[in-house]
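Same order as they appear, the protein sequences are chains A and B.
Position one of the first sequence corresponds to residue 924 (the working numbering), numbered consecutively onward.
Position one of the second sequence corresponds to residue 924 (the working numbering), numbered consecutively onward.
Below you'll find the structure, written out as structure tokens, and then a few comments.
Protein chains: 2
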Amino acid sequence: MTLADVAKKAGVSASTASRALNGRGELSDRTRAAVADAARVLQFQPSQLARSLRTSTTHTVGFVVPDVSSPFYAAALKGAQTTLHDAGYRTLLMDCEQSAEREIEALQTLLAHRVDGLLVSTVGLDRERFEEVTGGRVPCVFFDSSIVGSGEGSVILDNHAGIELLVDHHVEHGHRRIGLLAGSPSETSGFERRAAFETAMARHAPEVAIAGIAGREWSLREGRRATLDLLSLDEPPTALVSSSVELALGGMLACRELGVRIPDDLALAAFDDAYFAELLDPPLTAVAYQPREVGEAAASLLVEAMSEDDPEARDLRFEVRLITRGSCGCTG
Amino acid sequence: MTLADVAKKAGVSASTASRALNGRGELSDRTRAAVADAARVLQFQPSQLARSLRTSTTHTVGFVVPDVSSPFYAAALKGAQTTLHDAGYRTLLMDCEQSAEREIEALQTLLAHRVDGLLVSTVGLDRERFEEVTGGRVPCVFFDSSIVGSGEGSVILDNHAGIELLVDHHVEHGHRRIGLLAGSPSETSGFERRAAFETAMARHAPEVAIAGIAGREWSLREGRRATLDLLSLDEPPTALVSSSVELALGGMLACRELGVRIPDDLALAAFDDAYFAELLDPPLTAVAYQPREVGEAAASLLVEAMSEDDPEARDLRFEVRLITRGSCGCTG
DNA sequence: TTGTAAGCGTTATCAC
DNA sequence: GTGATAACGCTTACAA
């Protein structure tokens, strides 16, 4: 079914049919109805392909993340998808599997598809490389992990405040040697949380000291390994700040293996809440936020950027809050 | 940058440039190189739009699910995306938010985009409606939830075996009144698990009886509500089979509120494993499988179907296995 | 070995 | 009001 078929059936020209269907121009009610009828009868679906080629706008947005199956990205995707859908955009998904090369490849594919905008959580591309690939051809909004100076906006969590909340809480519980389970150093949330940990700890020096920092990936496995490392130090930490739930879960596993009790032998608190955190053993104290909303916010920013001719970059910081449960030593 | 620009720069015609770039036809090495050079210098990215319009193949697949942010779908998406990417396909994502209307809308959008194939986990469309919308225009593979008699294949979990494993295990522990936390009755995994529960229980009758069945949605909230309902029965169950982790988590929450101890007062076991199941309090006994692999399998089936002219429908059942942990009463 | 021309299905510009 | 016609950027007969 093409527009031509509809036009023929309605006894008009293709251009008239197009106008009727798109409600453009002055048309007699009769022809308008005739075209609508024909379209309905033939179950006409205009080819977005042809339409896009002609109008050079695809109403499609590229979404690039390191790993869709991670709860955070899945939730952000959901939020973004919903917002984009409501604004009339489709979502083309790219999972770069934590690889910079694949991320670049993904961006190229997306550009080849002439997406109208980009939503990306970078694994840590440097600015030149990014600009070289995209050439500023389409608006791009970063979320969770950004490239400073690039793009038309970003939505990043308040990593500094979150980590500070965690550190301060441990200190209030009386801990003096605290360790950090760190994530990928090339991603914004990875290095910002690490840096935040160091400054937050510095504010409590010299009474309180960094027992150690371990981990370079966002996985449960890495959390387990890092915890094992930290616990085998000469002066092991009595409390751990985890940069993510995944890492914290790994930490819990490690403790279980070693017979280390949480929170008695080792207190634990993580950046990132999970819907099941309360049901863990022990319930995990965490810094929480709405991952879905960061996706929504990023998508909104992008929709705005796509509709303006010369959008000014807007950078959002997302608030976080502490939820105390059992793993830090709080009761109840 | 269009192909015409590249052609001009290389001093050849557009068709020659096209052939050179696509490695088709007999061309002199010189022109081939000249075109490649020009393309590189100009950073030429062929428009997939124009290409698709011409060749009427988009190398794009539509992925439709009730909720991307649910761990199962997110994992399936990941697997599918990976497999599709490796086969040269892009993934267009649609989240229908558990609504049949939105699912239809999603299918229409996808068809308007002329996707080459469909990967869908239906919320429970009836066959006529589905056929009417798609008209068999593109190959479709269902996963997790299918429409019998439609599509070119499906990948469904072995719901019957899984539930039987769960029921039998409870019975082995000596339970005589067992309840079911049920999911959406319009989805394959919802009604199959419910039916499987009834037949599995029937095999143990009359010594063992169904204490009750509650729940119509896949959410944690529903699990909590359903558990509350079942526990308030005159003859409440001593064991619960949950149709999903989410429901089970809700059940755990309900028990906690009521002061009901798991597994002492109520044993619990779920269909669906979670990577954090072991760390819950108590660790959740579950029927496990690889959600990511069901996505991969479905994608493989689809890729195959898309490359054949007259694909025969292939239906796969995915194996599951029981993992006993503390929530059923097993120790360690 | 390479160029010309047609066409994929739309929409936009211009006549009538 | 409505209809030709061109154009979007590419591929592919068919010529040369």
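The C-beta atom is built at its ideal place from N, Cα and C for all residues, glycine as well.
Just so it is clear, the structure is predicted and the values come from calculations on it, not from any experiment.
Start-to-end residues for the beta strand (DSSP E) that takes in Arg942(B)
On the second sequence, position 19 is the one that residue 942(B) refers to. Careful: Arg942(B) lies outside any beta strand (DSSP E), inside the alpha helix (DSSP H) at 937 to 945.
Query - Straight-line gap, Arg1148(A) to Ala1236(B) (C-alpha atoms, nearest Å) - result: Within the first sequence, residue 1148(A) is the residue found at index 225, counting from 1. Within the second sequence, residue 1236(B) is the residue found at index 313, counting from 1. Cα to Cα, the separation comes out at about 46 Å.
**Prompt:** Between which two residues does the alpha helix (DSSP H) containing Leu1034(A) stretch?
**Reply:** Locating residue 1034(A) in the first sequence gives position 111, where the first residue counts as 1. Note, Leu1034(A): alpha helix (DSSP H), 1023 to 1035.
Closest residue to Ala1134(B) among Val1090(B), Gly1218(B), Ser1112(B), Ser1107(B) (Cα-Cα distance): As a working mapping, residue 1134(B) is identified with position 211 in the second sequence. Per the Cα distances, Val1090(B).
### Message
Run through chain B and tell me which residues come within less than 8 Å of Arg963(A), C-beta to C-beta.
### Response
Numbered from 1 along the first sequence, position 40 holds the residue referred to as residue 963(A). Correct list: empty, because the minimum Cβ distance to chain B is about 13 Å.
message = Is there a C-beta anywhere in chain A that falls below 8 Å from the one on Met1175(B)?
response = What you label residue 1175(B) is simply residue 252 of the second sequence in a count that begins at 1. Taking Cβ atoms only, chain A reaches closer than 8 Å to Met1175(B), which makes this a yes.
Taking DSSP as the reference, what is the three-state secondary structure of Asp1018(A)?
If you number the first sequence from 1, residue 1018(A) lands on position 95. In the three-state scheme derived from DSSP, where H, G and I count as helix and E and B as strand, Asp1018(A) is classed as strand.
Own chain, CB closer than 6 Å to Pro1099(B), minus 5 neighbours either side, in chain order
One-based indexing of the second sequence puts residue 1099(B) at position 176. It should be pointed out that residue 1099(B) corresponds to Arg in this sequence rather than to Pro. Correct list, in chain order: Val1131.
The segment 996 to 1011 of chain A in contact with the segment 1214 to 1224 of chain A per 3-pair CB rule at 8 Å: yes
query = Ordered along the chain, which non-local residues of its own chain (more than five positions away) have a Cβ less than 7 Å from that of Gln1021(B)?
reply = Counting from 1 along the second sequence, the entry for residue 1021(B) is found at position 98. Answer for Gln1021(B): Pro989, Asp990, Val1046, listed in chain order.
Buried or exposed by the 16-neighbour rule on C-beta atoms within 10 Å, applied to Gln971(B):
By 1-based counting over the second sequence, the position of residue 971(B) is 48. Answer is buried; the Cβ neighbour count reaches 16.
For a cutoff of 8 Å on Cβ pairs, would you count Leu1143(B) as touching chain A?
Indexing the second sequence from 1 puts residue 1143(B) at position 220. Yes, its Cβ sits closer than 8 Å to a Cβ of chain A.
- Message: Counting only C-beta atoms, is Pro1186(A) closer than 8 Å to chain B at any point?
- Response: Numbered from 1 along the first sequence, position 263 holds the residue referred to as residue 1186(A). Answer no: the Cβ-Cβ gap between Pro1186(A) and chain B never drops below 8 Å.
So which residues of chain B does Pro969(A) contact, with C-beta pairs closer than 8 Å? Along the first sequence, one-based indexing puts residue 969(A) at 46. Those are Ala1035, listed as they occur along chain B.
TODO: Mind checking which residues open and close the beta strand (DSSP E) that includes Phe967(A)?
DONE: Here residue 967(A) refers to the residue found at position 44 when the first sequence is read from its first residue. Here Phe967(A) belongs to no beta strand (DSSP E), and DSSP marks it neither H nor E.
Kindly list the residues whose CB is nearer than 8 Å to the CB of Arg1248(B), restricted to its own chain and excluding five residues on each side of it in sequence; keep chain order.
Here residue 1248(B) is taken as the residue at index 325 of the second sequence, counted from 1. Only Ala1200, Glu1201, Pro1205, Pro1206, Leu1207, Thr1208, Ala1209 meet the Cβ criterion.
Bridge-paired residues (DSSP) for Val1043(A): Here residue 1043(A) refers to the residue found at position 120 when the first sequence is read from its first residue. In the DSSP output, where bridge partners are listed per residue, Val1043(A) has Val987(A), Phe1065(A).
DSSP state of Val1183(A), grouped into three classes? As a working note, residue 1183(A) is residue 260 in the first sequence. Here Val1183(A) sits in coil by DSSP.
With DSSP as the reference, identify every bridge partner of Asp1238(A), one or two as the case may be. Here residue 1238(A) refers to the residue found at position 315 of the first sequence. According to DSSP, which records beta bridges pairwise, Asp1238(A) is partnered with Ser1077(A).
message: If we define contact as Cβ-Cβ less than 8 Å, is Thr1005(B) a contact residue for chain A?
response: Here residue 1005(B) is taken as the residue at index 82 of the second sequence, counted from 1. Cβ-Cβ to chain A under 8 Å: yes for Thr1005(B).
CB contact flag (Arg1050(A), Gly1072(A), <8 Å): Counting from 1 along the first sequence, the entry for residue 1050(A) is found at position 127. Counting from 1 along the first sequence, the entry for residue 1072(A) is found at position 149. Yes, the pair counts as a contact, with Cβ atoms nearer than the cut-off.
DSSP state of Leu1104(B) mapped onto helix, strand, coil: The count along the second sequence starts at 1 and reaches residue 1104(B) at position 181. Of the three classes helix, strand and coil, the one that applies to Leu1104(B) here is strand, per DSSP.
### Message
Within a Cβ cutoff of 6 Å, which residues of the same chain sit near Val1094(B), ignoring the five residues on either side of it in sequence?
### Response
For the purposes of this step, residue 1094(B) is taken as residue 171 along the second sequence, with counting starting at 1. Taken in chain order, the residues that qualify are His1127, Val1131.
- Query: Can at least three beta-carbon pairs, one atom from the segment 1061 to 1070 of chain A and one from the segment 1008 to 1020 of chain A, be found at a separation below 8 Å?
  - Reply: no
- Assuming Gly1173(B) and Glu1145(B) make a contact with CB atoms under 8 Å, what is their CB distance in whole Å? By one-based count along the second sequence, residue 1173(B) stands at place 250. By one-based count along the second sequence, residue 1145(B) stands at place 222. Yes, they are in contact, since the Cβ atoms of Gly1173(B) and Glu1145(B) sit about 6 Å apart, within 8 Å.
Please report how far the alpha carbon of Arg1215(B) lies from the alpha carbon of Arg1244(B), in whole angstroms.
-> By one-based count along the second sequence, residue 1215(B) stands at place 292. By one-based count along the second sequence, residue 1244(B) stands at place 321. For Arg1215(B) and Arg1244(B), the distance between alpha carbons rounds to 16 Å.
Legend entry - Rounded straight-line distance, which links the Cα of Ala933(B) to that of Leu944(B): Numbered from 1 along the second sequence, position 21 holds the residue referred to as residue 944(B). Numbered from 1 along the second sequence, position 10 holds the residue referred to as residue 933(B). Distance between the alpha carbons of Leu944(B) and Ala933(B): 12 Å.
List the residues that DSSP assigns as beta-bridge partners of Arg1013(B). Along the second sequence, read from residue 1 onward, the residue named residue 1013(B) stands at position 90. Answer by DSSP bridge pairing, in chain order: Thr983(B).
What residues from chain B crowd round Asp1018(A), counting only those whose CB sits closer than 9 Å? Here residue 1018(A) refers to the residue found at position 95 of the first sequence. Going along chain B in sequence order, the residues near Asp1018(A) (Cβ under 9 Å) are Leu1000, Lys1001, Gln1004, Thr1005, His1008, Thr1014.
task: Find out if the Cβ-Cβ distance for the pair Val1164(A), Ile1101(A) is shorter than 8 Å.
output: Working through the first sequence from its first residue, we reach residue 1164(A) at position 241. Working through the first sequence from its first residue, we reach residue 1101(A) at position 178. Yes, they are a contact pair.
Distance, Gln1213(B) Cα to Phe1241(B) Cα | Position 318 of the second sequence holds residue 1241(B). Position 290 of the second sequence holds residue 1213(B). Approximately 9 Å between the Cα atoms of the pair.
Given Gly1085(A), which residues of its chain have a CB within under 7 Å of its CB, disregarding the five upstream and five downstream residues? Stepping through the first sequence from its first residue, residue 1085(A) is reached at position 162. Within the same chain, Gly1085(A) has close Cβ partners Phe1194, Val1210, Val1243.
Inset, instruction - Could you tell me whether the segment 1023 to 1040 of chain A touches the segment 1030 to 1045 of chain B, using the rule of 3 or more Cβ pairs below 8 Å? - result: no
Checklist entry - When the Cα atoms are used, what is the spatial distance from Ala1123(B) to Arg1184(B)? => result Taking the first residue of the second sequence as position 1, residue 1123(B) is located at position 200. Taking the first residue of the second sequence as position 1, residue 1184(B) is located at position 261. Their Cα atoms are separated by approximately 26 Å.
_Classification of Gly1218(B) by the beta-carbon crowding that lies within 10 angstroms, buried from 16 upward_ = Translated into the one-based positions of the second sequence, residue 1218(B) becomes position 295. Around the beta carbon of Gly1218(B), 16 or more other beta carbons sit within 10 angstroms, so the residue counts as buried.
Am I right that Leu1143(B) and Glu1169(B) are in contact with their C-beta atoms under 8 Å? What's the rounded C-beta distance? Within the second sequence, the letter at position 220 stands for residue 1143(B). Within the second sequence, the letter at position 246 stands for residue 1169(B). So it is a contact: roughly 5 Å between Cβ atoms.
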